[in-house]
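S.K.: This note's numbering applies: residue 812 is where the sequence shown begins, and numbers increase by one. A virtual CB, placed ideally from N, CA and C, is assigned to each residue, including glycine.
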Amino acid sequence: MKKKILVTGGTGYIGSHTTVELIEEGFEPIIVDNLYNSEAVVVDRIQKITGVKPHLEVFDLCDREKLDRFIQKHNDISAVIHVAAYKAVGESVNKPLEYYRNNLLSLINLLEVMKRYGIPDLVFSSSCTVYGQPEKLPVTEDAPLQSATSPYGNTKQICESIIRDTTVSDKNIKAISLRYFNPIGAHPSALIGELPRGVPENLVPFLTQTGYGIREELKVFGNDYNTPDGSCIRDYLHVVDLAKAHVFAIKRLIEGKNKTNYEVFNLGTGKGVSVLEAIKSFERVSGIKLKYKIVGRRAGDIEKIWANPSYANKELGWKTLSSLDEAMKTAWDWEKMFRNNKL
Ligand code: UD1
């Protein structure tokens, strides 16, 4: 019998890639999504890739009654991967209550039904934003957390605390928080990828949209940072590598290989890449000379951060396999596929 895994946000960017990897590893993912930031047609594209169409139910996890009914109907769910959340840093500053309500309430509802219906295992999407600007690089999981610079970042910190406290109070609940660094790229089939609403806030969708001619030029936010070329440094990892980490985490929990009831892992490549290096990578893989200009720093940006992924490498048996150029090429292929209306 295939193990049934609830993937919240399974039609979104990270969730759809995770769903593909779960199917390919012999699990039966079942998706709950409110389609706030994604489209139902994604499940058809997942079917094109894997041959399996995952079951999708469209409702909001903040609706506790609907969630209860859903869990009663699917009473054989083994574990939950909770990816659904609002994630735009800038938007969160203008809409803090929406962010706190959505990101906290959906998690609380999920944990309550997990307790009530005896679902023991949770994998949670967290972010390297919880570290702020770390004193030591590369950053390890035991680095002190710093005050969040946005309501979005704060929701990730609070969610981690809620999960940790729940695992302390209820020994039947086990959880893993995955602290993502910067996921980029798309599935190599170019059938699923990132679909930002409106003007993208994140670097790589802005790069590919500028390359395609949808945006006039890329603005590089600052070249006066204390880094070799003056632009900010991040740890960009391929979304397929990131998706695979969720499968490792789920297996660890289901097989009882976790060391404590609450664990945290950094998911990154271990390599820092500057904004200007990311632009060069895009130019290499696309053959396009990108139009960009240097502008002032973006408020709230961290100068440099990259992961020490050793703990995830050792304990989860996971590591990134794709290079920056490989990931960038899939982002470009996806942009072209999507814009050429080939989907
Ligand atoms: C941000 C959040 C992170 C969140 C992620 C997903 C912070 C500090 N980080 O990551 O928690 O999980 O978004 O939404 O809040 N850049 C440009 N021009 C652009 C866009 C970006 O130069 O048009 C630069 C930024 O200054 C940064 C780098 O590119 O140095 C990456 O930016 P971005 O893709 O937005 O990711 P983060 O800010 O690292």
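#1: In the DSSP assignment, the alpha helix (DSSP H) including residue 974 goes from what residue to what residue?
#2: Grab the span of the alpha helix (DSSP H) containing residue 932 for me, first residue to last.
#3: Below 8 Å between beta carbons: does that hold for residue 1194 and residue 1043?
#4: With distances taken from CA atoms, which of 824, 1097, 964 and 890 is nearest residue 815?
#5: Look up residue 1085 in the DSSP assignment and say whether it is helix, strand or coil.
#6: Using a threshold of 8 Å, state whether the C-beta atoms of residue 1096 and residue 1143 are closer than that.
#7: Pick out whichever of 853, 839 and 1000 has its Cα sitting closest to the Cα of residue 845.
#8: Return the chain-ordered list of same chain residues with a C-beta closer than 6 Å to the C-beta of residue 955, the five sequence neighbours on each side being excluded.
#9: Three-state secondary structure (DSSP) at residue 827?
#10: Hey, is residue 993 close to the ligand UD1, as in C-beta under 7 Å from one of its heavy atoms?
#11: Along the alpha helix (DSSP H) that carries residue 1162, what are the first and last residues, could you check?
#12: Count the other CB atoms within 10 Å of the CB of residue 908; is the residue buried (16 or more) or exposed (fewer)?
#13: Mark residue 1110 as exposed unless 16 or more other C-beta atoms lie within 10 angstroms of its C-beta, in which case mark it buried.
#14: Can you tell me the Cα-Cα spacing of residue 1120 and residue 948, whole angstroms?
#15: Below 8 Å on the Cβ atoms is my contact criterion, and I expect residue 924 with residue 882 to pass it. Report the Cβ-Cβ distance as a whole number of Å.
#16: Just to confirm, does residue 1086 get its C-beta within under 7 Å of one of the non-hydrogen atoms of the ligand UD1?
#17: Would you report the Cα separation of residue 905 and residue 1083, rounded to the nearest angstrom?
#18: Which of the three DSSP states is assigned to residue 1124 in this structure?
#19: Along the chain, where does the alpha helix (DSSP H) that runs through residue 893 open and close?
#20: Counting pairs of Cβ atoms below 8 Å between the region 1009-1020 and the region 832-849, do you hit three or more?
#21: Which of the three DSSP states is assigned to residue 1049 in this structure?
#22: In terms of residue numbering, what span does the alpha helix (DSSP H) encompassing residue 902 cover?
#23: Given this structure, state the Cα-to-Cα distance separating residue 827 from residue 1040, to the nearest angstrom.
M.R.: In this structure, then:
#1: Numbered from 1 along the sequence shown, position 163 holds the residue referred to as residue 974. Run containing residue 974: 962-980, per the alpha helix (DSSP H) assignment.
#2: One-based indexing of the sequence shown puts residue 932 at position 121. Segment 932-938 is the beta strand (DSSP E) holding residue 932; no alpha helix (DSSP H) there.
#3: Residue 1194 is absent from the model: the chain starts at 812 and stops at 1154.
#4: Walking along the sequence shown from the start, residue 815 turns up at place 4. When only C-alpha atoms are compared, the closest one is 890.
#5: The residue given as residue 1085 occupies position 274 in the sequence shown. It is a strand residue.
#6: In the sequence shown, counting from the first residue as 1, residue 1096 sits at position 285. In the sequence shown, counting from the first residue as 1, residue 1143 sits at position 332. Result yes, Cβ atoms of residue 1096 and residue 1143 sit closer than 8 Å.
#7: Numbered from 1 along the sequence shown, position 34 holds the residue referred to as residue 845. For the residues 853, 839 and 1000, the minimum Cα distance to residue 845 belongs to 853.
#8: Within the sequence shown, the letter at position 144 stands for residue 955. Result list for residue 955: empty, nothing under 6 Å.
#9: Looking up residue 827 in the sequence shown gives position 16. DSSP places residue 827 in helix when its eight states are reduced to three.
#10: Translated into the one-based positions of the sequence shown, residue 993 becomes position 182. It does: the Cβ of residue 993 is within 7 Å (strictly closer) of some heavy atom of the ligand UD1.
#11: Residue coverage of the chain in this structure runs from 812 to 1154, which leaves residue 1162 outside it and unanswerable.
#12: Stepping through the sequence shown from its first residue, residue 908 is reached at position 97. Exposed, by the Cβ-count rule.
#13: To locate residue 1110, count along the sequence shown from 1; it is residue 299. The residue in question, residue 1110, is exposed, as its Cβ has fewer than 16 Cβ neighbours within 10 Å.
#14: Here residue 1120 refers to the residue found at position 309 when the sequence shown is read from its first residue. Here residue 948 refers to the residue found at position 137 when the sequence shown is read from its first residue. Using only the alpha carbons, I get a separation of about 11 Å.
#15: To locate residue 924, count along the sequence shown from 1; it is residue 113. To locate residue 882, count along the sequence shown from 1; it is residue 71. Confirmed, about 5 Å.
#16: In the sequence shown, the residue the question calls residue 1086 occupies position 275. Checking the Cβ of residue 1086 against the ligand UD1 gives yes.
#17: Stepping through the sequence shown from its first residue, residue 905 is reached at position 94. Stepping through the sequence shown from its first residue, residue 1083 is reached at position 272. Straight-line Cα distance between these residues: approximately 30 Å.
#18: Taking the first residue of the sequence shown as position 1, residue 1124 is located at position 313. The answer is helix: DSSP assigns residue 1124 an H, G or I state.
#19: As a working note, residue 893 is residue 82 in the sequence shown. Here residue 893 belongs to no alpha helix (DSSP H); instead the beta strand (DSSP E) covers 888-893.
#20: no
#21: Taking the first residue of the sequence shown as 1, we reach residue 1049 at position 238. Strand, per DSSP.
#22: Taking the first residue of the sequence shown as 1, we reach residue 902 at position 91. Residue 902 -> alpha helix (DSSP H) spans 900-905.
#23: Residue 827 sits at position 16 when you count from the first residue of the sequence shown. Residue 1040 sits at position 229 when you count from the first residue of the sequence shown. When rounded, the distance between both Cα atoms is 35 Å.
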